[in-house]
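Protein chains in written order, with this note's numbering: chain F, 722 to 1234; chain B, 143 to 464; chain E, 20 to 339. Glycine residues also receive a C-beta, built at the ideal position from the N, C-alpha and C atoms.
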Amino acid sequence: MRMGIAMDDSLLEVKGVSKTFGGVVHALDDISLAARRNEIVGVVGENGAGKSTLMKILVGVYPPDKGEMYHKGEKVPFPKNPKEAAKRGISIVYQEKGVIPWLKVYQFLFLGHEDKYVKFYRLQTDEMKKNARAILDELHVKCDAEVFMHELPLSTQKMVEIARAILSVRLESEEDGTTPIIILDEPTAPLNDEERRELFSDLLKMKKNASFFFISHIIPEVREFTDRVHVLRDGKLVANYDFSEEKIAEEDLFRAIVGRESSEYISKLEVNGRRSKAVGLTAKNLTKKGHYYDITFDLHEGECVGVFGPAGSGKSHIIRTIAGIMSFEEGELIVKGQKLKASELPHMRLRKGIGYFSGETGKELFLNWPILKNISIVNMQKILGKFIPVINFNAERKMAQRIVHRLRIRAPSVNTDCYSLSGGNKQKVSVGKWVERKPEILLLDDPTIGIDVGAREDIYEVLSEMKKSGISMILVSDDPKEYSILCDRIMFILDGRIQNVLSPDEFRKVVGT
Amino acid sequence: MKRSSRNRLIPPVIIRTLKNQPVIIAFIAVFVMFSILYPDRFLSLLNLKTILRQFVTLTLFAMGPSIVVVTGSLDLSYVGIWMLGGVLVWLCMPVLGLFSIFVILLLGVTTGFVIGVIQTKAKIPSFILTLSLLVTYWGLTAKLAGGYPRIVRGFEFITAPLIPYIPTTFLWSIPIIAAAVFIMKYTKIGTYLYAIGSNEEGAQLAGINVDRYKILAFTLSGLFTGIGSMILFQHLGGSTPVELKLNTLVWPLVAIVLGGTPLMGGSGGPQRTILGALTFTVFYRGVYLSPLHPYSVQLLVGLLLIVSIIVSARGLKGVTIT
Amino acid sequence: MTTRPSLSWEWLRRNMTTVGPIVFVVAVVVGFQMMNPFFLRYQGIISLVYSMSYFLVAACGLTFVIMTGSFDFSVPSLLKLSALLCVLYIEDLGLWVIPLALLACVGFGFINGLLLAKFNVPSFMATLGVSIVVEGIALYLSKGFLRIMDDKAFRSLAITFIAGLPSVFYWGMGIWLISIFLAMCTPFGRRTYAVGGNLIGAVLSDMNTVRHRIYVFMLSGFFAGLAGILYMAQMGGGSVEMGADMAIPLFASVVAGGTALTGGVGGPHRTLLGVIIITWIQAGMNMLAIGRDIQMVTFGLIAIGMSIATIDRRRIKIIK
């Protein structure tokens, strides 16, 4: 692993980029990276590592606090807005919401640059269509220039977005023949396996027209399709790999991305509680085309099963299907001897005993509510009066205080609005309501994303206790350490299929934590 | 063998158009139905002329709002512009003479601009904003008119008959409608408005100044409504502050939705609205000629609105609707 | 360790939606009182009570809908329908018209909710469409004529005087108190706040959001029906012209009280303030012989102004 790469023939290079938000949060700390002509450079890291901040700086959305930019070896100022960045040759394809569904392909391709095709206020659509077809051919994008964007398959939509980015550079840049540098922000996130493969083969063909910054946290893809990769962690550049020069294993990349000093996880939490033979949930051949296939497993009482895999492997989809957020097409899902309907709302799943907790607190927490209301919303039955369905405020308050105490939530009172809590405490409130609810099966979807170590420990402790009391769990996370702390068994998922089931020890060996 | 010969009978182009614009089927169905039911009254020259005239009125009021609906917002201020504009004309007649008709245009453009600015800067939902504005204008109209309908004379020349059998308002409306369709289909502005309606965030990311174009959409709406009101001024009686009837207020919206412009925006537009207005007018006239009580007509209009919205809102799974 | 809130600009800004309406009410009362010292005389108060009570009932129902982030345009029309049903069928059905009217209104409320929750029709359009249908039915039933209600039992609902105030006042206050109770102390109320506060969060919790949203519209319809009954009982007669321009003042009174369009905040307790503001402004303007036209202007401006003031901009990035 080497820290710096000598760039003689670099197309674009940045050195020493730093950015803080609000003077406190170090989003980026002394980052340097570079791209040569006609290469695909990967930029990887966990959520919150700083990837999108860095890209936004490159494309002119905001300026860095410190840093220098070099274009073809010459020092240039950072662009002040996306149009300037395009003049410099830099343009970006966003992860989502970049496509306008009801525009035709040729309209979308030239969106923002219509001034080049206007005569007496009228758009020269024939010429636009002709040029559109030309660039689609050149970049091997197989689609009709006159259909609506939403009629194209997802991977083709992405390709058109990339074509648009390249086109932006060509139309805006002052010198001819600038090689565009296209930033791809998690381009494969919305795609299924087949679409992903198509996208990559098309991308490789495009290499001779442009250079790419490929942001991702899908390790196998990065390994296979990028020439070099920069690894970011917590705002710092921690590794550079050049695939042409060394053989890098996936585990090395994993470690670079995730690696924390093991001493930070102090307590030896008792993971392998007694596992009863009783089965809480059975999945048989669960299939949803394009997402996961033939998922079969049993979940016992008091057991925690981890569903592990690189991003895009289908693990999130599986857990969301069990939660009721997604539906499955084939197979069976059986809880307490009852077959569940393939397509059911989350609250129905909850009635059957399945609770779902997602670490993205924006989604499920009621931020303008006080803590106690957030805890009680799924625990209404516990705080109602005996004869009339009226809320017993005293009981509500006591319930919230119990949870606050147990999870060590730092807040002035249970009446504090969740807006003002820190990230970790928000997460605790979110977990807290499930701790109180005690569903028979708790689904954990990235439960500790982006929160500090102390909060994590508190949450792990409580989850362990819940496990001991007989609650089963399924865990999906991006942090391998979490799996080895919480899970009794870990299923390894790749391309939507279960590859292997590992014990925590085996898992640790494979992942290397 | 059989399939290819069937295809030759109905060219795929027509099938595709019918699939994209089911309103055409509705129009044909309604027209045929009433022609069969009341052949002498429905197909009479008088009735057809009335249909044309009512179609023109409806369309002129629907052009403006249909531009705004494409961006995903709603604009209910058209009746207000017409009422207040009328009263302002009456007030300005002594001073400006025949030029006072242009006051309506000025009012329309200003109203649209103000709505656009408030909507984008203060982030109020457009329906409540334009509804409140409508009510405000209605109050102002009543106040300025002093409580009586004020008749203005002198603008008959606008709608004086030119070609036999064809209402002059129809002739005036052709360039207006053409202009609206041109703007939406063939200019950069139109493309941007469709983009904003289809995916506002994506349009923003693509570098479009969304606020600016939304303001433009509202301003254009006011402009078209203003022009339409000018043309129809004498035709509709000239400056009568009307009762705020929920029923008639909603007709341009029905025309827009019926024509195939979804309320969420992104597609459709003035060209579709023309068809919707035509279908609605034919439908309304037909029902009017029928022995159904006039009050039941209102009921039918309401039902029509609901049904067309349901049909056009079908593809909205997963979007948060409030 | 809690910090005591100091009377700084920051505190004022954050609590504007609570402080604002109170200040407003005081200003209105004081203002009108100064202009006409007889404003708060007994007669004035009685007429205020009459205009306020049924209005309050309707506004409470609308409040629940707005709390969920939706809009119910059909409240005035349902009020009218309910009133008309009462006067038209009082002779045939006696006091059974009351459950009839209420049932009809709840039925339309159900349709509103269904259109929104199952058919994805935006609430504004759905309720607009329904209100047109309802008005059509009302027109058809009444044939446009003015009707007189002279059934003693029915009218006594509203005009029996108890302790110097007409019974309609007690109905209004009672229903208001029940609304507050419903909103604050029951799971139904909590869920209403949840749907408005964070729909995704609500879906992920153990409530059936589709069903709840339908219930909320049914509630709004029910209250509209109640308001219509009270209105007819107190007025003693009516035609289809009544309630034509009630929509904006109704809406204005809900937002003026501090319940935001974005949903999840406010509640019926706030709506009382809003109703007081609107009805008293109306009364004051009537007293100053300001025509209904300017009144409309005022309410329109208040509606716009209070919407701006109460919208929670933190939560919504894109408003159409």
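The contact set of S340/B on chain F, defined by CB atoms closer than 7 Å, consists of I821, P822, W823 and L824 in chain order. The CB of W1090/F comes closer than 7 Å to the CB of G216 in chain E, given here in chain order. The C-beta of H1068/F comes closer than 8 Å to at least one C-beta of chain E. In this model, I821/F and L247/B are separated by some 34 Å (Cα to Cα). Between the beta-carbon of V1150/F and that of I1112/F there is about 19 Å, and that puts the pair past the 8 Å contact cut. For the 8 Å CB-CB criterion, M71/E and G191/E form a contact. At a C-beta separation below 7 Å, L223/E has these neighbours in chain F: P1067, Y1077 and E1085. Counted as a single uninterrupted DSSP element, the beta strand (DSSP E) harbouring E734/F occupies residues S731 to F742. Residue range I761 to V765 is occupied by the beta strand (DSSP E) that includes V765/F. Spatial neighbours of V198/B in its own chain (CB-CB distance under 6 Å, excluding positions within 5 residues in sequence) are listed in chain order as T311, F312 and S315. In the structure shown, the three-state DSSP call for E893/F is helix. Boundaries around N1006/F are those of the beta strand (DSSP E), V1000 to K1009, since no alpha helix (DSSP H) includes it.
Under the three-state reduction of DSSP, T1017/F is assigned to strand.
L218/E: not part of any beta strand (DSSP E); member of the alpha helix (DSSP H) spanning L218 to L223, first to last residue. Note on P317/B: under 16 other CB atoms within 10 angstroms of its CB, so exposed under the neighbour-count rule. Only those residues of the stretch 157 to 173 of chain E whose C-beta falls short of 7 Å from the nearest C-beta of chain B are listed: L158 and Y159. Between Q1122/F and chain B, the shortest Cβ-Cβ separation is not below 8 Å.
Spanning the alpha carbons of G128/E and F236/E requires a straight line of approximately 5 Å. Taking C-beta atoms as the reference points, T205/E and P1110/F count as a pair closer than 8 Å.
For M304/E, the enclosing alpha helix (DSSP H) stretches over residues P287 to M306.
The residues S268, in chain order, have a CB closer than 6 Å to that of S215/B in the same chain once the five nearest residues on each side in sequence are set aside. Taking a 10 Å sphere around the C-beta of Y73/E, we find 16 or more other C-beta atoms and assign the residue as buried.
Contact fails between the stretch 1004 to 1019 of chain F and the stretch 1177 to 1185 of chain F, because fewer than three Cβ pairs, one in each stretch, are under 8 Å apart.
A direct Cα-to-Cα measurement between A853/F and G206/B gives close to 32 Å. Contact note: Y355/B does not reach chain E at a C-beta cutoff of 9 Å; the least C-beta distance is about 13 Å.
Rounded to the nearest angstrom, the gap between the Cα atoms of K171/E and L179/B is 49 Å. In the pairwise beta carbon analysis, the stretch 437 to 448 of chain B is classified as not touching the stretch 235 to 250 of chain B: fewer than three pairs are separated by under 8 Å. When I1039/F, G1074/F, T1169/F and D1226/F are compared, the shortest CA-CA separation from I1192/F is found for G1074/F.
A Cβ of chain F is located within less than 8 Å of the beta carbon of I219/E.
Residue pairing by DSSP places G310/E in no beta bridge whatsoever.
For Q828/F, the residues of chain B that pass the 7 Å Cβ criterion are T333, in the order they occur in the chain.
When G1217/F, M1212/F, F1228/F and L924/F are compared, the shortest CA-CA separation from K1202/F is found for F1228/F. Collapsing the DSSP output to three states places A748/F in a strand. Listed by position along chain E, the residues whose Cβ is nearer than 9 Å to that of L1105/F are T205 and P206.
Collapsing the DSSP output to three states places Y328/B in a helix.
According to the DSSP assignment, R854/F belongs to the alpha helix (DSSP H) that extends over T846 to E859.
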